[in-house]
Amino acid sequence: MELKKTEKLEKSVVALTMEISAAEFEKAKNQAFKKAGRNIQVPGFRKGKAPRMLIEKMYGDVFFEDALNIVYPDAMEKAVEESGIKPVGPADVELGEGAPEGGVVLIAKVPVEPEVTLGEYKGLAAEKASVSVPAKEVKEELERMAKRMARVENVERKAKKGDTVTIDFEGFIDGVPFDGGKGENHDLELGSGSFIPGFEDQLIGCKPGDEKDVEVTFPEEYHAEELKGKPAVFKCTVHAVKQTILPEMDDEFAKDVSETAETIDDLKKEITENLTKSKTDAADREFEEKLLDQVLEGMQAEIPQVMFDSEADVILNDFGYRLQMQGISLDQYVRMQGMDLPSFRKVFLPQAERQVKVRLALRKIVELESIEVSEEDLNAEYAKLAERYGMEDAQIRAAVTADAVTDDLKLNRALAVIKESAKVKKATRKKKAEEAPADAPAEETAAE
């Protein structure tokens, strides 16, 4: 293979023109014939015994394409190495003109990592939320802890708000059942707001064994397009009514829910410290995002769409994995949203675009600041990862490549360059720090 030409096209695409000699291509055709010729049946000849000339006359286009597939990978690898480009996705390949007799010319249009230009990334300024933990929030967390430690017992009375009912239900629109509208032995806390508005209220007053037609209207903003704004009837059977009995919030309770607290006051202090850390971390993340917004505003780069698409696929696959851990398939979840997989994937594109842009910006800062990672730094990071995931050093090194760990360390140091030189502006109004992102959602039905 001879690399004849390297040409920069628009949107970070490079065209590599490769010439394959007659000898190289003939060798590839021989390989293609040996692989496929033995399986070809030609009338008048035993299977695999027909003359090559006759087979090529009948199936020449097939062998030509097979030969291209054989010769291309090695030619492409050499062309990429010789040109020094950094591909970020598969190439679009076509035949070129001017091929030597018996040979071929291939033109590969390759999306590459874009050239990045940054504006200011030092001395930026952004608001940062102040952190406080009111007594009300400590009390609410205590109540959540108590609820997790609560015991549940069946009762033979009418259900009231706060009780949990075990129900079978099936939804109908105009008398016809619809997908996702059926559930069996479903535990529903009345007053939790987990089902569509009006559903839970109509079950208040029901006893075990009761049957109830629950009439509701799906909200206009409901996630399933075909159900938005439509009236429905859910035929429900109540199997059980359960009341929740909360524990006393005393010193014994504190010992039960905490590994370190000895008294209820110790537990309140622990909760305050944990909430303070959580809010501080959230405020730090929000501050980082504001600084990165400014960096991205000053960044110039022609980013190939394939980089965004690949990142969206990574996010989608991670989302699907977390759903699997909850016993839900990605396809099932997508159907419950009233969408198909391609349209659902588009939901992740804005997030993917931002992640790609941030990574490119930080890598440019790594370059500008000559950020390096020493062997000692790498070993220390592996030790942290091994401790975090409860793995041996050899196990974590086998699971996570040195290049990946090194890249993460460099990007974190680039982010530190932005933050360490940044100024905190006084907030114009008090802002509530956002909560950490939730895990993948639990399985839903159309009643939810």
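Counting from 6, one number per residue, gives the positions in the sequence shown under the numbering used here.
The beta-carbon is built from N, C-alpha and C at its ideal position, and this holds for glycine as well.
**Proximity to K247 [Cα-Cα], best of L193, E226, P202 and K235** = L193
**Request:** Keeping to the same chain, check which residues put their C-beta closer than 8 Å to that of L280; ignore five residues upstream and five downstream.
**Result:** V138, E142, V143 and E146
**Prompt:** Under 8 Å between the Cβ atoms of I75 and A33?
**Reply:** yes
**Buried or exposed by the 16-neighbour rule on C-beta atoms within 10 Å, applied to V181** = Exposed is the label assigned to V181, since fewer than 16 other Cβ atoms lie within 10 Å of its Cβ.
**Prompt:** Who pairs with I250 in a beta bridge, going by DSSP?
**Reply:** R156
**Prompt:** Does the Cβ-Cβ distance between K362 and L301 come in under 8 Å?
**Reply:** Yes, these two residues count as a Cβ contact at 8 Å.
**Asked** DSSP three-state call for K437: helix, strand or coil?
**Response** For K437, the predicted structure reports a pLDDT of 48, less than 50, and the residue's modelled location is therefore unreliable. The matter cannot be settled from this model.
**Asked** Run through DSSP, which three-state label would L100 get?
**Response** strand
**Message:** Alpha carbons only, please: which of A421, L390 and R368 is nearest the one belonging to L123?
**Reply:** With distances taken between Cα atoms, L123 lies closest to R368.
**Request:** Please report how far the alpha carbon of E291 lies from the alpha carbon of A357, in whole angstroms.
**Result:** 18 Å
**Asked** What's the gap between the Cα of I178 and the Cα of K235?
**Response** 8 Å
**Message:** Since E316 and Q360 should fall inside the 8 Å C-beta cutoff, what is the C-beta to C-beta distance between them, to a whole number of angstroms?
**Reply:** 6 Å
**Prompt:** Three-state secondary structure (DSSP) at A447?
**Reply:** Note that A447 scores a pLDDT of 42, beneath 50, so its modelled location is shaky; the value from the coordinates is reported in the next line. Here A447 sits in coil by DSSP.
**DSSP state of L8 mapped onto helix, strand, coil** = strand
**Prompt:** For T285, which three-state DSSP category applies?
**Reply:** helix
**Prompt:** Does DSSP put A84 in a helix, in a strand, or in coil?
**Reply:** Here A84 sits in helix by DSSP.
**Asked** Is the beta carbon of A229 less than 8 Å from the beta carbon of V136?
**Response** For the pair A229 and V136, the CB atoms are not nearer than the 8 Å cut-off.
**Prompt:** Got a sec, what are the start and stop residues for the beta strand (DSSP E) M23 sits in?
**Reply:** That run of the beta strand (DSSP E) goes V18 to I25.
**Asked** Distance, Cα to Cα, E264 vs L251?
**Response** Those two C-alpha atoms are separated by around 20 Å.
**Alpha-carbon spacing of E102 relative to L296, whole angstroms** = Their Cα atoms are separated by approximately 50 Å.
**Best match in F324, T249 and V219 for proximity to F200 [C-alpha to C-alpha]** = V219
**Request:** Compare the Cα-Cα distances from K152 to each of E29, P116 and S197 and report the closest residue.
**Result:** Per the Cα distances, S197.
**Message:** Relative to the C-alpha of D270, which candidate in E380, D255 and L414 has its C-alpha closest?
**Reply:** Of the candidates E380, D255 and L414, the one whose C-alpha sits nearest the C-alpha of D270 is D255.
**Asked** When DSSP labels each residue in this structure, what does L305 get in the three-state scheme?
**Response** Per the sequence shown, residue 305 should be read as Gln rather than Leu. In the structure shown, Q305 sits in a strand (DSSP, three-state: E or B).
**Message:** For P309 and K114, what's the separation of their Cα atoms in angstroms?
**Reply:** 12 Å
**Asked** In terms of residues, what are the limits of the beta strand (DSSP E) holding E220?
**Response** E216 to T222
**Request:** Kindly give me the distance between the Cβ atoms of A27 and G107, rounded to whole angstroms, as I take these residues to be in contact under 8 Å.
**Result:** 3 Å
**Message:** Count Cβ pairs between the region 373 to 383 and the region 333 to 343 that sit closer than 8 Å; are there 3 or more?
**Reply:** no
**Message:** Applying the 10 Å Cβ sphere with the 16-neighbour rule, what's the burial state of G176?
**Reply:** buried
**Message:** Output needed for L416: all residues of its chain with C-beta closer than 8 Å, excluding positions within five of it in sequence on either side, in chain order.
**Reply:** R364, L367, R368 and V371
**Request:** Compute the Euclidean distance between the alpha carbons of P442 and S283, then round it to the nearest angstrom.
**Result:** Any reading at P442 must be qualified, since the residue scores a pLDDT of 41, below 50, and its modelled position is unreliable; the value itself is stated next. Near 12 Å, if we compare the C-alpha coordinates of S283 and P442.
**Message:** Please report the straight-line C-alpha distance between G214 and P224, rounded to a whole angstrom.
**Reply:** 29 Å
**Asked** Among residues of its own chain, excluding the 5 on either side of T285, which ones have a beta-carbon nearer than 7 Å to its beta-carbon?
**Response** V136
**Which of helix, strand or coil DSSP assigns to E15** = Coil, per DSSP.
**Request:** Please state whether DSSP places A259 in a helix, a strand or coil.
**Result:** Residue state, collapsed to three classes: helix.
**Request:** For V319, count neighbouring C-beta atoms within 10 Å of its own C-beta (all shown protein chains included) and say buried if the count is 16 or more, exposed if not.
**Result:** exposed
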